[in-house]
Amino acid sequence: TLAATTGTWSGTAPISYAYQWRRCDSAGGTCASISGATSQSYLLVSADVGSTIRVRVTASNSAGSSTADSSQTAVVQTAPASTGPCGTAAAAPATWKHVIWIWMENHSYSEIVGSSSAPYLNQLASECGLATNYHGVVHPSLPNYIAATSGGTQGITDDNPPSSHPLAVASIFSQVAAAGLTWRSYEESMSSNCALSSSGSYAVKHNPAVYYTGIRTQCASWDVPMGTTSAGAFRSDLQNDALPSFSFVTPNLCNDMHDCGVSTGDAWLKSWVPLILSSPGYASGNTVLVITWDEDDGSTSNQVATIVASPSTPAGTRSGTLFNHYSLLRTAEEQLGLPATLGAAATATSMRSAFHY
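If you're matching positions, the sequence shown starts at 19 in the numbering used here and goes up one per residue.
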């Protein structure tokens, strides 16, 4: 995408500006106006390959009008095919077979994006998609996890265990099951399936599925210890193309950056994410991955980094649209062919078009 500035003009205010993008020969000499290209920005198209581009700015005030042309661009060339994990597919499928969320903890956008402590995350963001205006819903942790999976905080304002907050409400977990699909919650360092209390570096407040009373039977089978990159449930499901429709992945309290530093979480993601992006499910073009943070460092803005990786997300995609955890929930509902009906997700802004996934 090319963007024009107004340039510097003198004359009696107010001065208005109009734009006309022009396609020129390789030397920038012979030019012709591009039909309909009259905005301040211009998205290059295949017809521009082999040409240079100029923009003509027309400045007008009560005395009349004057024009000036920009310098020409370099000769437009066809972009090389993507060699990274994103941008390898021309379009997203109508519905995805696998949606994977990985949730990290308690760091603001600026503590991740551009940080020397997170080289892998910044590499992945440059190769895939980054939401630059994404926000958590509230503080502390638990209500964010509940909001992102049920469409509301359900009145929760603390991090207490399921015994304090038994939730008889619909969630994306019950929604997935009702549609005849499957879900899994892969919990690192959890000692047994669907553990209802914290132990060691497993934090139950980061495992939202266990709070919903209507899915306890499924939870006993589908909320499982994650395992390691060498062996265990998540590794096995990735290798054998056996992922469920919806996967909720929670690192332990150290690897999610809650108790340990950004570099520790970045290294953990560097060990796991390539396994996801090289899995048969991702290679077949039907798996999407989102990495987000529950909340920032406690500030009012609550802005967090959110990275999207999918075959149809063009490399380097950036979106400044205002998104939050309800947007993420609505997007997953749409991607799995579910009705977008869970609480605030019903009116939230979808992320699908912004990231072409």
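Cβ coordinates follow ideal geometry from the N, Cα and C atoms, glycine included.
Handout entry: Beta-carbon proximity check, residue 123 vs residue 276, cutoff 8 Å
Key = yes
Handout entry: Simplified DSSP state of residue 293, which is helix, strand or coil
Key = helix
Handout entry: Member of 368, 360, 373 whose CA lies at the smallest distance from the CA of residue 164
Key = 360
Handout entry: 7 Å Cβ shell around residue 270 - same chain, five flanking residues per side excluded
Key = 206, 207, 219, 220
Handout entry: Any alpha helix (DSSP H) of 4 or more consecutive residues that is wholly inside the segment 148–230
Key = 159–168, 190–196
Problem - Candidates 230, 369, 58, of which the one nearest residue 37 by Cα - result: 58
Problem - Straight-line Cα distance separating residue 155 from residue 149 - result: 15 Å
Exercise for the section: Taking residue 298 as the reference, give the member of 289, 115, 227 with the closest Cα. Expected result: 115
Problem - Separation of residue 274 from residue 305, as counted between CA atoms - result: 22 Å
Problem - Integer Cβ distance of residue 81 from residue 29, believed to fall under 8 Å - result: 7 Å
Exercise for the section: Could you tell me whether the Cβ atoms of residue 62 and residue 94 are closer together than 8 Å? Expected result: yes
Exercise for the section: Report yes if the CB atom of residue 161 is closer than 8 Å to the CB atom of residue 231, and no otherwise. Expected result: no
Problem - In chain order, each alpha helix (DSSP H) run of at least 4 residues that lies wholly inside the segment 280–352 - result: 280–295, 298–301
Handout entry: Chain-order list of residues whose beta-carbon lies under 6 Å from that of residue 233 (same chain, five-residue window excluded)
Key = 191, 192
Exercise for the section: Determine the extent of the alpha helix (DSSP H) in which residue 137 is found, giving its start and end residues. Expected result: 137–145
Practice task
Assuming residue 322 and residue 153 form a contact by the criterion Cβ under 8 Å, report the distance between their Cβ atoms to the nearest whole angstrom.
Solution key: 7 Å
Handout entry: Cβ neighbours of residue 288 in the same chain (closer than 6 Å, five flanking residues each side left out)
Key = 138
Problem - Bridge-paired residues (DSSP) for residue 243 - result: 205
Handout entry: Alpha-carbon to alpha-carbon, residue 263 and residue 10
Key = Shown here, the chain extends from 19 to 375; a query on residue 10 therefore has no answer.
Exercise for the section: Identify which residue in 364, 355, 334, 106 has its Cα closest to the Cα of residue 372. Expected result: 334
Practice task
State buried or exposed for residue 336, treating a residue as buried only when at least 16 other CB atoms are found within 10 Å of its CB.
Solution key: exposed
Exercise for the section: With a threshold of 16 other CB atoms inside 10 Å of the CB of residue 354, please say whether the residue is buried or exposed. Expected result: buried
Practice task
Assess, as a yes-or-no matter, whether the segment 65–74 is touched by the segment 37–56 under the definition of 3 or more beta carbon pairs within less than 8 Å.
Solution key: yes
Problem - Contacting residues, own chain, Cβ-Cβ under 7 Å from residue 217 (five flanking each side not counted) - result: 209
Handout entry: C-alpha distance - residue 67 paired with residue 338, whole-angstrom precision
Key = 28 Å
Handout entry: Residue range of the beta strand (DSSP E) that includes residue 58
Key = Note, residue 58: premise wrong, no beta strand (DSSP E); not H, not E.
Exercise for the section: Starting from the C-beta of residue 212, find all residues in its chain whose C-beta is less than 6 Å away, skip the five residues before and the five after it, and write them out in chain order. Expected result: 228, 237, 238, 241
Practice task
List the residues that DSSP assigns as beta-bridge partners of residue 2.
Solution key: No answer is possible for residue 2: the residues shown for the chain start at 19 and end at 375.
Exercise for the section: Report yes or no: do the segment 341–349 and the segment 361–370 share at least 3 C-beta pairs separated by less than 8 Å? Expected result: yes
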